[in-house]
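Single-structure report; data block below.
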Amino acid sequence: MKIIIINGPNLNLLGKREPEVYGDTTFDDYYSQLQFKFKDVQLEYFQSNIEGELIDKIQSVGFSYDGIVLNAAAYTHTSVGIGDVVKAIDTPVVEVHISNTFSREEFRHQSFISPVAKGVVLGFGLKSYDLAIQSFLD
Ligand code: DQA
2 MKIIIINGPN LNLLGKREPE VYGDTTFDDY YSQLQFKFKD VQLEYFQSNI EGELIDKIQS
62 VGFSYDGIVL NAAAYTHTSV GIGDVVKAID TPVVEVHISN TFSREEFRHQ SFISPVAKGV
122 VLGFGLKSYD LAIQSFLD
């Protein structure tokens, strides 16, 4: 089982960025925990702050991997291109958010990914990633 976690803009700052919203754990630390927990899964991780790089990565894994866990961060709310690529590929995508975007500003309630995702996990902190991976295993 090959699953990739793809993180969008500013998620490289986890641990320092608005800890009251996103917590104080770095993604690298959390990713080590995920690798330990999901030893039988071939896990990969990719992060970019650049929309086109995210689209390129989704295209390159989207016809061969078993699952994509995607936190497109701010691009979730703005990117027709990311919504389109999720629709274009064969690999199922689970959309993830650390925060409960529906309890935040109105502009975060819109997602170009949700209508074309297999499912959405949000609001459970970093655990949202864990739950998304589990959804591919059950
Ligand atoms: C986020 C929510 C987005 O609205 C925001 O732009 C992010 C992170 C989350 O994981 O809660 O950067 O995707």
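With this note's numbering as the guide, the letters of the sequence shown map in order to residues 2 to 139.
Positions of the beta carbon are idealized from the N, C-alpha and C atoms, including for glycine.
In this text the structure is predicted, and so the values were computed from the model without any measurement.
- Of the candidates F103, I69, K88 and A73, I69 places its Cα closest to the Cα of L132.
- If you draw a straight line from the Cα of K17 to the Cα of N50, it is about 16 Å long.
- Between the alpha carbons of S65 and G120 lies a distance of about 19 Å.
- With 16 or more other Cβ atoms inside 10 Å of its own Cβ, F113 counts as buried.
- Unbroken beta strand (DSSP E) runs of no fewer than 3 residues, entirely contained in the segment 44-97, are found at 68-72, following chain order.
- In this model, Q111 and V117 are separated by some 13 Å (Cα to Cα).
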